[in-house]
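Each remark here refers to the structure printed beneath this line.
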Amino acid sequence: MPKAQTARIMEIQRGRQNFSKKSEKYSPSTVYLQVLGSGARGVPNTLYLFSDQKRYLFNCGESTQRLAHEHKVKLSRLEHIFITSKTWRNIGGLPGLSLTLQDVGVPNITLHGPEGLDELYNATKRFVIMKEMNVAMAKCSPSEDFEDSVMSVKYVLLGPHESLLAKDPKPTTKKPKLDTNTDKQFEEFIHDDTDYYRNEIRNAEAKNKVASKEKNKTRTSPEKDQIKKKTDKVLHDLQKQPHCSVAYICTLKRRLGTLDLAKCVERGVKPGPLLGQLKNGEDVVLPDGTLVLSKDVKTPDDPGPVFIVMEVPEISYLKESEFSAHFDDGKNPVENVPAIIVHYSPPNVFNHPTYRAFLSKFGPTTRHLILNTQNSCLGSEAVHRTQHKLHLLDPDIFPLLKDVSVPAVWNAQPPVPKTGSPVRLKELEELKNKIAFAQFQNIINMEGSCKGDGMLNIDDGSKLELVAGRTLTMHYLRPHKQVDRSAEPKLHIQDYIQETMDVDGFVSSLEQFRHVVEGIRYNNGAQKEYPKLVFLGTGSCIPSKTRNTSCFVLHVDEHNSIVLDCGEGSFGQMVRFYGPKKVNAFLRTVKAIYISHLHADHHIGLIGLLQARREAFEESSTTPEAAYLLAPGQIVSWLSVYNQQFERIQNDYTLIPNQSLLYDSNTEEMTSAILARIGVQAIKTCLVSHCPNAFGVTIDLDGTHKITYSGDTLPCEELIKIGENSTLLIHEATMEDELAVEARMKMHSTTSQAIAAGRQMRAAYTLLTHFSQRYARLPRLSARMLTDNRSVGVAFDNMQVTMSDLALLPHMYAPLQLMFAEHCVEMEMKAASRAKQKERRISTHSFQPEEKAESVQSDRGQHRKSTRSRAASSSPTARARYRESNASRLRQEIKGMTVSGVIGRVPRSKSSSPVKSCYTRTVSNTSNSSAVQHERLNVRHNVSTGHIVDTRSKTLNSVARMPSKEVVEVLLTNVNRKINSANVPTVPIPSTEVCEHRSPLTVKKREAPKSTPPRSLCRSPSLSPRSNKLIKLSDTRPQDARSFPVYNKLRSTKQEYPNEMKSWMIPSNIS
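The sequence shown begins at 1 in UniProt numbering and counts up by one.
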């Protein structure tokens, strides 16, 4: 991690620690529970506890950080995570969330849960690097409670009764018979100690390394022997640990009532220590002998409500005696009865008569929040917003999501574009009816009866108040105990369509695109449904609300499919795309899963997918078949530890190392079984330039269609070799071309590099994916890329493409730019800002020292060496050296500039310091006559010493200030003398009237110059020759104004430019 980023994180951590210490003195005034994930299939069952001081999580499944990001649930003050059991549904989001918390400066995280939970971080330490955040494991013992300034927590360990403990069932998963798939074969991979965030430099070195390992499998070093012994011991110890669950009985800290000062005055209590005693609940006696009772002058204290979080995996785990102190039986205090109980128990346990009888003992005042798979809310509104917009382009490529758990809100009238162009009103009406019908079907299919407020009732006479968990359902614990569902997500489909139609030019661009689509599909004839690609994750690094991490599905035919890469939340994406009812049928077609490399964003969703696939086979009452796992062999190190400590998954996959599928290796016997089962002709891999053991792959489907997937890589010759003449190249394009240096540092490709790879391998089409989340909606491509390459498309989440649809993708970018116009403008502004910062850095470093101003250019190196030697001999302090060099640079900077304006006088400072106020000057750099650059210069002139000190402001819109007029005139005289001696053309300086200080500062013109200077030199915003009006000094022209859509729009429509734009408008003779 870069030193600057490390220092930033440490600074944030210190601030958070100081805040935490200060807040511990007070009891929180607002506390509520908020559902982040409802527990539905494919969604995390995550509960968020908010307080004024700290934040807590209960369970952390896959996609927790994605939902938190979308719904703006801030986790920066998170300190404790409570896990009820060691299942992937509860811990699948911990690796990704931990990396995000580290980046935002969270210093420490404490895990609470079953013993051995922290081994998750030991198992993932090669691809989840935790250097800046400490992860600790709390000792969860019934004899030791947890307590902080917000609440106290009692641990209740739940486990099966000794007599009910069952032996591990025999594996029911049918594994393919491959003689080569033995534990001994993968022994070298189990003890993997590779750092997967160490960039690999050359493909040849990596390939030789893999080859040498194949030749020397029997050789072991002493270090590897030690690693093997430690790993074997951990696995042996973990295998003996019984599976258990932890329940948490939480009690908020008591909060003192509020003191009523009016009542204190009535009773004669004077300001002083007596008020503090009354607030603390102490009765006081006044000097006149009057007794003042605390309860008479303050509101009642809040004793601290109780809430319970529990998961009972099986009915045999239930221990009623552990909760008897909180039953509403008339013996326990009222404040001990819990306000709410959160249930993670599965539906078969929750509906069990014994469990129902247990719930009834808490009384009617206790609410029961259900977070399990019987819920249906998937929780995301942003994915629907994006998909409904994209659906307007082509309903086949961008079908509507099958997730109908988020209710839709409909307006009375359909949207109409502002331009008045015809809209597909009939299609919009059909869309409305389709969504409304789906919502109706979803309500019918829900288990149990449902009231309008989402409360579920059980018709058994118990009168329990059950709350079905939905994303953002809130239960307040303080100051009032109540349920709030107002924040739950809703779909406003007509608004999504309206805001898209309202973009100027979108309707006409959409009509043009559809005309092209009709022509292409007419020429192609009847479309074939297979092979087909479904993209489920097209983002990089961390998931965003519109792009999930890498995953896509290759449907070979109706009965066979391959999943390529499997980032966090991939199964949830499948549920959204295929629907809760049909996702199981799809999972049964998955015959193979390919993992390109072992970075977390490409494989952390694998375990969840394997478990869901097993459940799909169990639902159909068929014997599960293990999926082929084509992955770097080192993945077995992570999977083995998880299989031993957490859950059994070894029977759900058959590992085929990517190393054995290299295109120049002889592995026909091994791959023949895979090819026959999947229904493809060939699968070959190659090493690519990314992290160690990173692979690209090419899949020959039927001799006609060949698909190549790059994974993450720099431009790679090996990939071009195996992907030659591909039908489709799916290539990562993480960053735009202007960030090529950063892309190389992180071993990623830019858009131009990805397109060039497709051109070099003669691929018919290239589809870009794996975009940095800075381009969450649309990557930044130039018009030249699209004009020169009519075979390039952009991948989106929830996009499906057949081979005949590939020709449509290059024509889609134009309407996409208008659809996401706001995002595109933002990207252009950021690009302009980066360019301006780069120019400033270049111009700053280009100024020579003062001694070099009149010397020969060829002596540059010798002069720098002599300057360093002189500085070393004098040995001034660091501050003095900086001040001297800075002043020297600024003198030369001013001497090398042509002054283009004079600024009015402002009142002098009353300070006795000889240092005068700052002044701002807009100047033109004449060191390069071919390009006139602009820079805003802030300097401070010390009259007594003659030094010029830099006070360069970080903002371009700061108010200009200047010293006395005499100082400016002396300074300008020296500058002009230097300019005249160099024979540099100057801009005539008009006479100005000294103005009083204003904000923003203005210059009042007295008379126009006699001769108008060349347009290329007249760029000062304070000296526009077109107008005699007052012009703001802060109005500076961006260097690349031509890239701004607002500029191009004004110019194309020939509208009158506002005065604020005239000062930086490009001359009409520039195209």
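All C-beta atoms in this analysis are idealised placements derived from N, C-alpha and C, irrespective of residue type, glycine included.
Test: residue i CB closer than 7 Å to a CB of chain B
{"i": "D148", "result": "Here there is only one protein chain, and chain B is not present."}
Inter-residue spacing [alpha-carbon to alpha-carbon] between residue i and residue j
{"i": "L687", "j": "S791", "result": "26 Å"}
{"i": "S665", "j": "I720", "result": "17 Å"}
{"i": "F58", "j": "G469", "result": "14 Å"}
{"i": "P810", "j": "L598", "result": "32 Å"}
{"i": "G276", "j": "H480", "result": "25 Å"}
{"i": "N348", "j": "L293", "result": "54 Å"}
{"i": "V680", "j": "C551", "result": "20 Å"}
{"i": "A382", "j": "P271", "result": "54 Å"}
{"i": "F373", "j": "R514", "result": "Reading off the sequence shown, one finds Thr at residue 373, where the question assumed Phe. Distance between the alpha carbons of T373 and R514 is about 41 Å."}
{"i": "P303", "j": "P287", "result": "32 Å"}
{"i": "K54", "j": "G723", "result": "52 Å"}
{"i": "P142", "j": "Q644", "result": "26 Å"}
{"i": "P114", "j": "Y248", "result": "12 Å"}
{"i": "K581", "j": "V404", "result": "11 Å"}
{"i": "I397", "j": "Q800", "result": "5 Å"}
{"i": "N121", "j": "T251", "result": "In the sequence on display, residue 121 carries Tyr and not Asn. When rounded, the distance between both Cα atoms is 30 Å."}
{"i": "F307", "j": "W88", "result": "24 Å"}
Helix, strand or coil at residue i [DSSP, three-state]
{"i": "R613", "result": "helix"}
{"i": "S51", "result": "strand"}
{"i": "L564", "result": "strand"}
{"i": "N108", "result": "strand"}
{"i": "F577", "result": "helix"}
{"i": "D797", "result": "coil"}
{"i": "S953", "result": "Confidence is the limiting factor: at S953 the pLDDT is only 37, short of 50, which leaves the residue's position unreliable and the question unanswerable from this model."}
{"i": "F307", "result": "strand"}
{"i": "H368", "result": "strand"}
{"i": "G469", "result": "coil"}
{"i": "R1051", "result": "For R1051, the pLDDT reaches just 43, beneath the cut-off of 50, and the residue's location in the model is therefore unreliable, although a value from the coordinates is still provided. It is helical."}
{"i": "P142", "result": "coil"}
{"i": "K463", "result": "coil"}
{"i": "H475", "result": "strand"}
{"i": "V636", "result": "helix"}
{"i": "S152", "result": "strand"}
{"i": "D700", "result": "strand"}
{"i": "M137", "result": "strand"}
Residue nearest to residue i in terms of C-alpha spacing, selected from the options
{"i": "V409", "options": "I493, L158, M747 and P810", "result": "I493"}
{"i": "A325", "options": "I315, L318, N336 and K319", "result": "N336"}
{"i": "T802", "options": "N693, T685, E529 and E499", "result": "E529"}
{"i": "M747", "options": "G723, G711, L728 and T727", "result": "G711"}
{"i": "residue 1073", "options": "C377, H384, F513 and D145", "result": "The first residue shown for the chain is 1 and the last is 1071, placing residue 1073 beyond what the model contains."}
{"i": "H343", "options": "V309, F362, E322 and P44", "result": "V309"}
{"i": "residue 1078", "options": "G793, L767 and N725", "result": "This structure cannot settle anything about residue 1078, because the visible part of the chain is limited to 1 through 1071."}
{"i": "I730", "options": "D495, T704 and T538", "result": "T538"}
Cutoff 6 Å; reference residue i; Cβ partners in own chain excluding five residues on either side
{"i": "residue 1102", "result": "Shown here, the chain extends from 1 to 1071; a query on residue 1102 therefore has no answer."}
{"i": "L606", "result": "C566"}
{"i": "G96", "result": "Q65 and E568"}
{"i": "V516", "result": "H811"}
{"i": "T182", "result": "At T182, the pLDDT of 44 sits below 50, so the modelled position is not reliable; the number obtained from the coordinates is stated separately. Correct list: empty, nothing qualifies."}
{"i": "C716", "result": "V688 and S689"}
{"i": "K229", "result": "Note that K229 has pLDDT 49, beneath the 50 cutoff, so the model's placement of it is unreliable and the number below is only indicative. The answer is none, since no qualifying residue turns up."}
Proximal residues to residue i (C-beta, below 8 Å), its chain only, five neighbours per side dropped
{"i": "A807", "result": "I520, N524 and Y765"}
{"i": "L510", "result": "L392, L393 and P815"}
{"i": "R613", "result": "L587, R588, V590, P624, A627 and D652"}
{"i": "H555", "result": "Y530, P531, K532, L533, V534, S561 and T589"}
{"i": "V503", "result": "L818, M819 and A821"}
Contacting residues, own chain, Cβ-Cβ under 7 Å from residue i (five flanking each side not counted)
{"i": "P1014", "result": "A caution first: P1014 carries a pLDDT of 44, below 50, which makes its placement in the model unreliable, though a value can still be read off. Taken in chain order, the list of residues that qualify is empty."}
{"i": "K1049", "result": "Caution applies to K1049, whose pLDDT of 42 falls short of 50 and renders its modelled position unreliable; the model cannot decide the point."}
{"i": "L662", "result": "T685 and C686"}
*Taking one C-beta from the stretch 365-378 and one from the stretch 542-559 each time, how about it: are there three or more such pairs within less than 8 Å?*
no
- Message: Would the stretch 31-46 count as touching the stretch 76-83 if we require 3 or more Cβ pairs under 8 Å?
- Response: no
Tell me whether the stretch 747-764 and the stretch 718-738 touch, counting them as touching only if at least three CB pairs, one residue from each stretch, are closer than 8 Å.
yes
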